[in-house]
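One rule links them: number in the numbering used here = place in the sequence shown (from 1) + 431. Glycine included, C-beta positions come from ideal geometry on N, C-alpha and C.
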Amino acid sequence: MNASQSTNPQTALVTGATSGLGRATAILLAENGWRVFAAGRSAERRRSIDDLARLRGLPLETLEMDVTSDDSVERAFQEIERRGVRALDAVVNNAGIAIAAPIEEVRYEDLQKQFETNVFSVVRVSQRALPAMRERRRGRIVNMSSIAGKVTMPILGPYSGSKFALEAISDAMRIELHPFGIHVVIIEPGYIRTDMERAAQDLSSAYVAGAERSPYHVVYEGFRRAWDETTRGSKDVPVGCARVILRALTETPPRPRYVVTRRAKLTAFLRRILSDRAFDRSILRATGLDRAGEKT
Ligand SMILES: NC(=O)c1ccc[n+]([C@@H]2O[C@H](COP(=O)([O-])OP(=O)(O)OC[C@H]3O[C@@H](n4cnc5c(N)ncnc54)[C@H](OP(=O)(O)O)[C@@H]3O)[C@@H](O)[C@H]2O)c1
């Protein structure tokens, strides 16, 4: 049944809903009759969502939540309960960041932040939501991975590492929660233009600033070339991914994973059919690093 047709609307918490894919998802769910709790840190961006919801009469409420903080997550869940919802129908674990650096250069604090936000926080939020869902023997957890959770580019090791970890954790959750009637779904988007690139540049600025003097300068250059090539002319928009999430929340049973964007589907296919060596060669060619040995 469509959420808008039931007397009690279905409820969803979307983390990282102040921008990009999370924002588009929160709005689309609300447009489809879901009661949505849109969570994020930025007060300014939350205000803009509140204004939009008021203007359009959408059942969309914002919440302050830093997914990396136990206290903040607890406060947000208490607020959801205070607003009358004890068990959510869905949690979309979408909040995420990307840190770009070669593994030899990445600082431990940055790697920790990468995994804290993209992996440990998914566990933190899910652990808080699950007891009530289990009691009702119903619910869905949607975890936002990436095609980078399937294939790795040089420089994106920290980000990919976090998404590969999230994939494994989500696969374990899906089986563990099967007896309780709770579905766990993984979303694997390819590149979609959002604020993430700018945020990643900010978070990775120290590495980019030192790239010229780094022994990895050709790797940085190769990454930049391959990234520009991948992202140039991309026409994918956040609402496309939001539609896939809506589908993952409404079709029964949902698929274990949904790949989003044509390019990501092609990449996932190539990863499946090519050997590790052949796949490495394709990345080396795309980055120009197949010819870089003599330049380093
Ligand atoms: N765009 C893509 O091409 C793409 C592709 C594959 C996967 N993804 C994944 O999709 C998700 C959303 O990315 P996006 O592209 O929409 O990026 P975005 O526009 O930068 O949005 C990221 C969201 O995460 C929130 N966030 C970051 N750190 C947080 C924290 N500590 N606590 C709470 N919220 C936090 C941000 O909100 P506040 O700053 O307000 O907290 C923001 O709403 C990420 O998991 C990303 O890895 C994106």
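- Going by C-alpha positions, Phe710 is about 12 Å away from Lys581.
- With respect to the 8 Å criterion, Thr449 and Asn525 are not classified as neighbours on the basis of their beta carbons.
- Between Glu495 and Phe468 a beta carbon distance of about 11 Å is seen, past the 8 Å cut, so the two are scored as non-contacting.
- Remark: C-beta atoms of Ala673 and Ile578 do not approach each other more closely than 8 Å.
- In the DSSP assignment, Ile617 falls within the unbroken beta strand (DSSP E) covering 613-620.
- The continuous beta strand (DSSP E) containing Val522 extends over residues 521-524.
- Collapsing the DSSP output to three states places Ile572 in a strand.
- Following the DSSP letters along the chain, one finds Gly527 in no beta strand (DSSP E), marked with neither H nor E.
- Around the beta carbon of Leu701, a 10 Å sphere encloses fewer than 16 other beta carbons of the protein chains shown; the residue is thus reported as exposed.
- Here Val556 has Thr446, Val498, Val504, Val522, Asn524 as same chain residues with Cβ atoms under 7 Å from its own Cβ, once five neighbours each way along the sequence are excluded.
- Of the heavy atoms belonging to ligand 1, none sits nearer than 7 Å to the Cβ of Leu494.
- Contact between Ile530 and Asp541 holds: CB atoms are separated by about 5 Å, below the 8 Å threshold.
- Counted as a single uninterrupted DSSP element, the beta strand (DSSP E) harbouring Gly471 occupies residues 466-471.
- Approximately 20 Å separates the beta-carbon atoms of Ser601 and Ile623; this is outside 8 Å, ruling out the contact.
- Taking every protein chain shown into account, the CB of Glu512 has fewer than 16 other CB atoms within 10 angstroms, so this residue is exposed.
- Annotation: Leu494 is outside any alpha helix (DSSP H); the continuous beta strand (DSSP E) that includes it extends over 491-495.
- Where Ala642 is concerned, there is no enclosing alpha helix (DSSP H), because DSSP gives it neither an H nor an E.
- In this structure, Arg476 has its CB closer than 7 Å to one or more heavy atoms of ligand 1.
- The shortest C-alpha to C-alpha distance from Asn549 to any of Ala507, Arg569, Lys594 is the one to Lys594.
- Around Leu608, the same chain offers Val615 as residues with beta carbons nearer than 7 Å, after the five sequence neighbours per side are excluded.
- Under DSSP, Arg688 takes part in a beta bridge, and its partners are Ile617.
- Three or more beta-carbon pairs separated by less than 8 Å are not found between the region 639-647 and the region 684-698, which leaves the two stretches without contact.
- The DSSP assignment places 648-662, 669-681 as complete runs of the alpha helix (DSSP H) inside the region 645-682, in order along the chain (cut-off: 4 residues).
- Placement of the Cβ of Ala457 at a distance of 7 Å or more from every heavy atom of ligand 1 is found.
- Straight across, the Cα-Cα distance linking Phe551 with Gly621 is about 22 Å.
- By the criterion of a C-beta distance shorter than 8 Å, Leu705 is surrounded in its chain by Ser713, once the five residues flanking it on both sides are discounted.
- When secondary structure is reduced to three states using DSSP, Thr442 falls in the strand class.
- Just measuring C-alpha positions, the residue of Gln632, Tyr651, Asp633, Ala470 sitting nearest Ile586 is Tyr651.
- Per DSSP, Leu459 is one residue of the alpha helix (DSSP H) stretching across 451-462.
- For Asp721, there is no enclosing alpha helix (DSSP H), as DSSP marks it with neither H nor E.
- Counting of Cβ neighbours within 10 angstroms places Gln509 among the exposed residues, the total staying below 16.
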